[in-house]
Amino acid sequence: MKKIPRPSVEDIPELYRELDEMTRRIAEILTASSLYYVGTQEVDFGKATTEDLVELLSKDPEVMVPFFVMITGLSHRELKRRGLGSVYSLRRTRNREKLRPFADLVRSLLAHPLRLETVLYKFYKNWEEHQRRHWRGRRAENEVCTAVKARCRNAGKYVLLCGGKRREIDCAVPRDKPVVAINVRVGVGEDRAKRIKEFGAELKEARECGVKHFVVVYFVPEHEKNKLEEIRAEFMREAPFDLVVLTRGELELLAERLREWGVPGCV
Numbered sequence: 008m009k010k011i012p013r014p015s016v017e018d019i020p021e022l023y024r025e026l027d028e029m030t031r032r033i034a035e036i037l038t039a040s041s042l043y044y045v046g047t048q049e050v051d052f053g054k055a056t057t058e059d060l061v062e063l064l065s066k067d068p069e070v071m072v073p074f075f076v077m078i079t080g081l082s083h084r085e086l087k088r089r090g091l092g093s094v095y096s097l098r099r100t101r102n103r104e105k106l107r108p109f110a111d112l113v114r115s116l117l118a119h120p121l122r123l124e125t126v127l128y129k130f131y132k133n134w135e136e137h138q139r140r141h142w143r144g145r146r147a148e149n150e151v152c153t154a155v156k157a158r159c160r161n162a163g164k165y166v167l168l169c170g171g172k173r174r175e176i177d178c179a180v181p182r183d184k185p186v187v188a189i190n191v192r193v194g195v196g197e198d199r200a201k202r203i204k205e206f207g208a209e210l211k212e213a214r215e216c217g218v219k220h221f222v223v224v225y226f227v228p229e230h231e232k233n234k235l236e237e238i239r240a241e242f243m244r245e246a247p248f249d250l251v252v253l254t255r256g257e258l259e260l261l262a263e264r265l266r267e268w269g270v271p272g273c274v
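See below:
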């Protein structure tokens, strides 16, 4: 594993600690299975039965579900289309029978022996790419909510139950009965249009559920900080957001708005 490039290790070391631990655990499970050949250092997925794969998955679904999703190239959308749930729901499964349909799908996609080094590397790099945004997003959410809590006593994550749907607000103020919904993303230039659409849909849902103010926090990449007003205009063309925060320096503006809006508990 030492040879695997870790381009963002300085930025998000927690991700790489988790990746290293997951990859070690996957290697332990695979090398202990009857599918592994020490001489060739290959895992013969071609001879695996569904029961063999259920056995591997049930050893540790937290790591083995992402492993098989990454090496087969399955997407969240494909899993849901087939009625299998998501990577995250499958990871929490402890019932062998609930893992069986996923094992059947994996078996249909893996038909040949593969070198252990190859599958571990593929898992590592694919899961790294998959999780990098999640880790950065989680860190940004914590940063924003910490800044809000410095001015508002009662703020934090909140699950909005409305119209038969569950919608998570990254930072709600007040937390127990939101007047303001603040949702957070870390910006990547090529997917900004998609994120803007997501924020627009979230604003509509929040308003329909009685939330008075909706704030977008979308931290733009460093190289786009020279066109903040242009980017802000893109958001405002999509929907009438109450505030669009694009940099960490603008979080102070958010604190001022919360006070201006007379949000309970904010000073």
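Quick note: the sequence shown uses my numbering, first residue 8, plus one each step. Note that beta-carbon positions come from the ideal geometry of N, C-alpha and C, so glycine has one too.
{"Check": "Top-ranked residue by Cα proximity to Leu42, from Ile36, Ile11, Asp51 and Gly80", "Outcome": "Asp51"}
{"Check": "Range of the contiguous beta strand (DSSP E) that encloses Leu167", "Outcome": "Gly163 to Cys169"}
{"Check": "Meets three-Cβ-pair contact criterion under 8 Å: the segment 31 to 50 and the segment 82 to 97", "Outcome": "no"}
{"Check": "Rounded separation between Val113 and Glu85 - CA only", "Outcome": "12 Å"}
{"Check": "Own chain residues within Cβ distance below 8 Å of Phe242, not counting five before or after", "Outcome": "Ile203, Phe206, Val223, Tyr225, Phe248 and Val251"}
{"Check": "Same chain only: Cβ atoms within 6 Å of Pro271, ignoring 5 sequence neighbours per side", "Outcome": "Pro181"}
{"Check": "Per DSSP, the bridge partner or partners of His220", "Outcome": "Val187"}
{"Check": "Sub-7 Å separation of Gly46 and His119 beta-carbons", "Outcome": "no"}
{"Check": "For Glu49, the residue or residues it bridges with in DSSP", "Outcome": "Tyr44 and Arg122"}
{"Check": "Proximity winner among Lys66, Leu127, Glu229 and Arg32, relative to Thr79 (alpha-carbon distances)", "Outcome": "Leu127"}
{"Check": "Start-to-end residues for the alpha helix (DSSP H) that takes in Glu85", "Outcome": "His83 to Arg88"}
{"Check": "Beta-carbon proximity of Arg107 to Val61, cut-off 7 Å", "Outcome": "yes"}
{"Check": "Local Cβ density within 10 Å of Tyr44, reported as buried at 16 or more and exposed below that", "Outcome": "exposed"}
{"Check": "Arg182, DSSP secondary structure in three states", "Outcome": "coil"}
{"Check": "Assumed close pair Arg89, Ser65 - CB separation to whole angstroms, cut-off 8 Å", "Outcome": "Wrong, their Cβ atoms sit about 20 Å apart, outside the cutoff."}
{"Check": "Under the three-state DSSP convention, the category Asp177 falls into", "Outcome": "strand"}
{"Check": "Continuous alpha helix (DSSP H) stretch holding Leu250: start and end", "Outcome": "Premise fails: Leu250 lies in the beta strand (DSSP E), Leu250 to Val252, not in any alpha helix (DSSP H)."}
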